[in-house]
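Residue numbers (my numbering): 187 to 273.
Structural data, given as structure tokens:
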């Protein structure tokens, strides 16, 4: 019984450490705003069948520059021509 308990505690601690390491390494304060994402899908679940309309509604919430994750690929979405101008 104690070996099973030790294995379960070890697995729990391993999952906990992996989770904290993943979130610490993926947080970047210089990136544009982004909606919450799912672990494997990223933001694919938010596009739906009418992607252009859903991207427009996301741009209203998060601004003309957004960072979306399509699966594990981070993608910068620019929804305004004014956002591309450099001063």
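Even glycine gets a Cβ: it sits at the ideal position worked out from N, Cα and C. All values reported here derive from a predicted model rather than from experimental measurement.
> Does the separation of the CB atoms of residue 261 and residue 254 fall below 7 Å?
Replying inline: Yes; because the gap between Cβ atoms is below 7 Å, this pair is in contact.
message: Tell me which residue opens and which closes the beta strand (DSSP E) that residue 255 is part of.
response: Here the beta strand (DSSP E) through residue 255 covers 251-256.
Comparing C-alpha positions only, which one of 249, 257, 258 sits nearest to residue 268?
Minimum Cα distance to residue 268 is reached at 249.
Residues that residue 262 bridges to, as DSSP identifies them: DSSP links residue 262 through a beta bridge to 253.
Open item on the list: So, for residue 240: in the same chain, excluding its five sequence neighbours on each side, which residues have a beta-carbon less than 7 Å away from its beta-carbon?
Closed with: The beta carbon of residue 240 sits closer than 7 Å to the beta carbons of 232, 233, 234 from its chain, once the five residues preceding and following it are set aside; these are given in chain order.
Report task. Starting from the C-beta of residue 266, find all residues in its chain whose C-beta is less than 7 Å away, skip the five residues before and the five after it, and write them out in chain order. Result -> Result list for residue 266: 250, in chain order.
Note to self: Rounding to the nearest angstrom, what Cα-Cα distance links residue 225 and residue 259 in this structure?
What the structure shows: About 12 Å.
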